[in-house]
Amino acid sequence: MSAARLPAVAGLEAATAATEAVYTDPEATYADLLAALEAEEAAYGRICTGPCDTPAPEPEAEPEAEAAV
Numbered sequence: 006m007s008a009a010r011l012p013a014v015a016g017l018e019a020a021t022a023a024t025e026a027v028y029t030d031p032e033a034t035y036a037d038l039l040a041a042l043e044a045e046e047a048a049y050g051r052i053c054t055g056p057c058d059t060p061a062p063e064p065e066a067e068p069e070a071e072a073a074v
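Reminder that position 58 of the sequence shown reads as 63 in our numbering, one-by-one numbering, no gaps.
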């Protein structure tokens, strides 16, 4: 793993720990949990994305299929 990715990995680990803390807090609200999960997802996206994670573009409809609709 490159040194440039280490801060991002540390950020993901911190976000995961924060999500766990919110999840186990009986006083936490659903909004608190949702915010923690979104932060964790964003941290994950910073290090775990690549060409396989990008959806393929939708194929264009065939002219016959458009005419039939």
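The C-beta atom is built at its ideal place from N, Cα and C for all residues, glycine as well. Since this is a predicted model, take the numbers as computed values, not measurements.
Pick helix, strand or coil for residue i, following the three-state DSSP scheme.
{"i": "Ala19", "result": "helix"}
{"i": "Cys57", "result": "helix"}
{"i": "Glu32", "result": "coil"}
{"i": "Pro12", "result": "helix"}
{"i": "Ala40", "result": "helix"}
{"i": "Ala66", "result": "coil"}
Quick one: using the 10 Å Cβ neighbour count with 16 as the cut-off for buried, is residue i buried or exposed?
{"i": "Thr54", "result": "exposed"}
{"i": "Thr34", "result": "exposed"}
{"i": "Leu11", "result": "exposed"}
{"i": "Ala20", "result": "buried"}
{"i": "Thr59", "result": "exposed"}
Does the stretch 18-31 come close enough to the stretch 40-54 that 3 or more CB-CB pairs lie under 8 Å?
As far as the Cβ criterion goes, the stretch 40-54 touches the stretch 18-31, which means the pair count is three or higher.
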